[in-house]
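Residue numbers (the UniProt record's numbering), protein chains in the order written: chain A, 1 to 390; chain B, 1 to 502. Backbone N, C-alpha and C define an ideal beta-carbon position, used for all residues, glycine too.
In structure tokens:
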């Protein structure tokens with residue numbers, strides 16, 4: 001449908017510099033915020049049903065997440081891996097690739113880091129750099145696999161990336177139960193990394209969080225400010241036109257797989273060296289899919305992904321305070337998280353409805369040469385013409 | 001003659017936009033009534049109202065004198081209104097018979113009574129001269145026969161009024177004649193036809209009456225016997241229409257693009273090329289005429305570097321081409337107006353500005369450091385310049401290109417491709433689906449490029465367009481070049497025959 005009117009509908013006689021295009025951007029920011037609000041309202045109703053006071057509960061939630069510097073640091077650190085996985089999803093999706101393998105790439109990155117540091121024994125800053133580099137490469141390779149399968153054999157990456165998640169998880173299992181198993185521990189876990197390769201901390205905050213934030217800016221820059229990102233986006237929207245325009249479509253798709261995997265692998269390394277220190281059961285579990293949800297809520301915008309990830313990190317940290325404070329299960333927060341996703345997706349879909357667009361476009365169409373609403377486009381042969389069914 | 005249908009004061013509003021405004025149309029029994037109008041004039045909307053896909057905002061519909069509310073397509077079929085869409089609604093893997101009975105309530109039996117239904121269809125076929133091979137899958141039929149299946153489909157459902165939406169667009173001249181015969185036999189039996197077409201030659205030939213729509217309103221209804229093509233054109237565009245006439249040139253022998261014995265899937269009649277040899281010189285337009293689906297898409301793809309020939313050679317500017325990739329072809333000065341502008345030419349969800357610089361993102365003009373940082377300001381400025389130059393009508397260059405009309409989309413492609421005076425231009429169906437104004441603009445630009453020394457190869461299924469623009473004409477039939485003809489005083493009959501493979 002044509003976007004032919006301004007946001008400031010009745011008053012504005014002409015489309016100003018921002019006008020309708022700015023409006024879409026504003027909507028894309030408002031929708032997630034409203035979704036979060038609604039999710040909290042509905043979550044509050046659930047808390048009420050449990051016979052507790054939701055206001056009080058949310059009070060505990062936020063003070064638990066942001067109450068003092070230590071808690072803020074913890075919130076940021078919970079958000080850190082989510083930022084990476086969300087960025088991985090955003091980047092791939094911009095090129096039309098739906099990477100659901102963030103979790104596997106994340107885990108494999110961490111495994112590679114662990115393995116290389118344990119076997120080579122490199123210490124200090126060189127150890128950190130080496131570990132992270134190997135993690136990035138491993139993640140990238142784990143992304144390359146489904147990419148090659150898609151390009152050469154046309155296998156759907158939705159399936160292959162998920163399958164590779166299991167492979168990665170089992171590989172990690174093999175690591176902590178056999179290869180690098182900590183003999184002093186009865187648990188299934190590896191030994192901790194050497195103290196000298198733990199990411200440096202600023203107060204209680206490891207620098208991985210800063211790296212994650214820089215990463216978001218970097219991804220934004222590549223996608224929106226470079227020719228490479230431009231081409232990636234063009235391929236994502238219309239691969240045929242990109243091919244006719246002379247873009248190396250297959251190479252770009254493959255690269256987006258690799259870069260996406262590398263970002264997730266980077267995240268795995270950072271989380272290992274900054275927060276977890278060892279591989280164990282449950283490492284990285286769920287981060288991939290949280291990343292998908294975050295990226296979708298943020299409508300694939302890297303900066304937005306970072307913001308939403310920070311918020312999700314906050315919820316994770318505050319959940320236990322809420323549990324202790326008013327005695328509701330921390331699963332309430334899972335409900336809220338899920339509701340945010342549902343509301344955000346529904347909200348974006350709603351914005352695309354013709355009736356809704358008409359509401360926004362209340363100004364008469366007086367610009368020459370603009371398309372009338374899609375329905376009259378039939379003469380062009382381009383709009384859909386439903387079959388006359390009986 | 002009795003009145004079959006009357007649409008009175010029909011308005012259809014989308015938001016605040018009127019796609020139809022106070023449109024009147026009446027159809028008599030046994031007439032061919034043409035609906036004439038430019039793109040966006042409201043023809044499709046009106047027909048969608050008639051077949052029950054849209055509910056009119058205002059106005060009423062009388063069917064045989066009785067007011068009816070056509071609440072759904074099913075209701076339209078019940079009344080006896082049937083539409084043959086421009087893009088056929090057939091299932092290719094099913095036979096003609098299966099397609100005809102599919103979803104029909106004519107025979108309420110739970111099982112398929114093949115012989116009984118077939119008998120009924122056979123009767124219709126005999127009565128109206130609709131020759132169809134019922135047991136052949138639709139995908140294996142010619143386009144003409146597929147169309148006859150569509151017509152049978154609506155007749156089988158008891159249609160009294162048939163709407164044919166641009167039915168001749170995909171047909172050969174002979175097939176068009178056949179279709180006209182069918183239309184005449186339908187009207188002689190008291191059925192009526194609403195005929196939608198752009199092609200004035202056909203309109204004047206087959207119509208009994210013509211209703212002209214312009215900007216969503218019905219301008220006038222005229223008897224064909226009392227009007228002529230020029231008057232109709234003028235009414236359609238709202239002012240006197242003057243068609244450009246271009247000089248034909250005989251270019252110097254400076255081949256820019258040569259195909260020498262090129263074959264690609266040579267055994268496919270409708271998707272291959274067989275031993276094609278042709279030359280385009282700098283400063284001339286070579287027109288490739290032919291009915292859609294005779295290898296045009298493959299020829300276009302080959303010249304754009306999207307596919308490589310299986311046999312034969314392509315020479316470009318005196319050098320043999322060894323790499324077949326669009327990238328390399330563009331690098332060597334190929335400009336391409338592709339067949340399907342939405343699918344191949346534009347990235348719909350990107351902005352007008354971004355589409356204008358699609359191939360230039362690493363140039364110093366639009367970025368620092370070969371694409372490391374795009375110069376937003378320079379891109380904007382350039383896009384606005386091009387918008388002015390090419391009369392691209394949009395509120396802003398930051399609007400998605402998808403929201404533009406077809407003609408303006410094509411202008412965006414043209415502006416991009418003709419930038420920097422490319423030595424070779426391939427234009428494939430450049431004006432398909434465009435209105436007269438936009439068509440004229442595109443033609444002017446193509447000829448201007450030719451006069452600037454560009455070697456132009458024009459592939460079009462619109463014979464009139466080929467005749468108008470080409471300095472030389474070749475005909476493509478089943479993937480083969482059937483002959484070459486001069487652009488000045490072209491032997492039209494001979495070319496028509498060649499297009500049919502004779």
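- Each of 329(A), 300(A), 336(A) and 301(A) was checked against the Cα of residue 312(A), and the nearest Cα belongs to 336(A).
- The C-beta of residue 251(B) has 16 or more other C-beta atoms within 10 Å across all chains shown, which makes the residue buried.
- Contact between residue 328(B) and residue 345(B) is absent: CB atoms are separated by about 19 Å, not below the 8 Å threshold.
- Cβ contact annotation for residue 280(A) (same chain, cutoff 8 Å, sequence separation greater than five): 176, 187, 188, 189 and 190, in chain order.
- The segment 86-105 of chain A makes contact with the segment 223-233 of chain A; the number of CB pairs closer than 8 Å reaches 3 or more.
- Residue burial is scored here from C-beta neighbours: residue 92(B) has fewer than 16 other C-beta atoms within 10 angstroms and is therefore classed as exposed.
- Look at residue 367(B): its C-beta is under 8 Å from a C-beta on chain A.
- Look at the segment 239-256 of chain A: the residues with a C-beta under 8 Å from a C-beta of chain B are 240, 241, 242, 243, 244, 245, 246, 247 and 248.
- Residue environment for residue 382(B): buried (at least 16 other C-beta atoms within 10 angstroms of its C-beta).
- DSSP links residue 237(A) through a beta bridge to no other residue.
- No Cβ of chain B is located within less than 8 Å of the beta carbon of residue 98(A).
- A straight-line Cα-Cα distance of about 54 Å links residue 211(A) and residue 18(B).
- When DSSP states are grouped into helix, strand and coil, residue 281(B) belongs to the strand group.
- DSSP places residue 324(B) outside both helix and strand once states are collapsed to three, so it counts as coil.
- 367, 371, 372, 373 and 374: these are the residues of the segment 363-390 of chain B whose beta carbon lies less than 7 Å from some beta carbon of chain A, given in chain order.
- A Cβ-Cβ separation of about 6 Å places residue 165(A) in contact with residue 101(A) under the 8 Å criterion.
- Residue 289(A) has a beta carbon lying at 8 Å or more from every beta carbon in chain B.
- The C-beta separation of residue 105(A) from residue 327(A) comes to about 38 Å, leaving the pair out of contact by the 8 Å criterion.
- Identification of chain A residues near residue 349(B) by a Cβ-Cβ cut-off of 7 Å yields 237, ordered along the chain.
- In terms of Cβ geometry, residue 9(B) and residue 213(B) do not form a close pair [threshold 8 Å].
- Secondary structure in the segment 8-54 of chain B: the beta strand (DSSP E) runs of 3 residues or longer, each lying completely within the stretch, are 17-28 and 32-36 in chain order.
- C-alpha of residue 257(B) to C-alpha of residue 424(B): approximately 8 Å in a straight line.
- Residue 344(B) reaches chain A at 240, 241 and 244, counting residues in chain order whose Cβ is nearer than 7 Å.
- Straight-line measurement puts the Cα of residue 149(A) at about 12 Å from the Cα of residue 158(A).
- Against chain B, the beta carbon of residue 152(A) has no neighbour under 8 Å; the closest one sits roughly 18 Å away.
- For residue 409(B), the enclosing alpha helix (DSSP H) stretches over residues 406-418.
- When only Cα atoms are considered, residue 239(B) and residue 313(B) end up about 49 Å apart.
- Contact residues of the segment 211-228 of chain A toward chain B are 221, 224, 225, 226, 227 and 228 (C-beta to C-beta distance below 9 Å).
- By the CB criterion at 8 Å, residue 156(B) and residue 124(B) fall inside the cutoff.
- Contact of residue 231(A) with chain B by beta-carbon distance below 8 Å involves 361.
- Secondary structure at residue 480(B): strand, using DSSP grouped into helix, strand and coil.
- Looking at the DSSP output, residue 280(A) sits in a beta bridge with 189(A).
- For a cut-off of 8 Å, the C-beta gap from residue 132(A) to residue 113(A) is around 7 Å, short enough to register as a contact.
- Just measuring C-alpha positions, the residue of 282(A), 264(A), 200(A) and 87(A) sitting nearest residue 126(A) is 200(A).
- Straight-line measurement puts the Cα of residue 227(A) at about 13 Å from the Cα of residue 95(A).
- Between residue 336(B) and chain A, the shortest Cβ-Cβ separation is below 8 Å.
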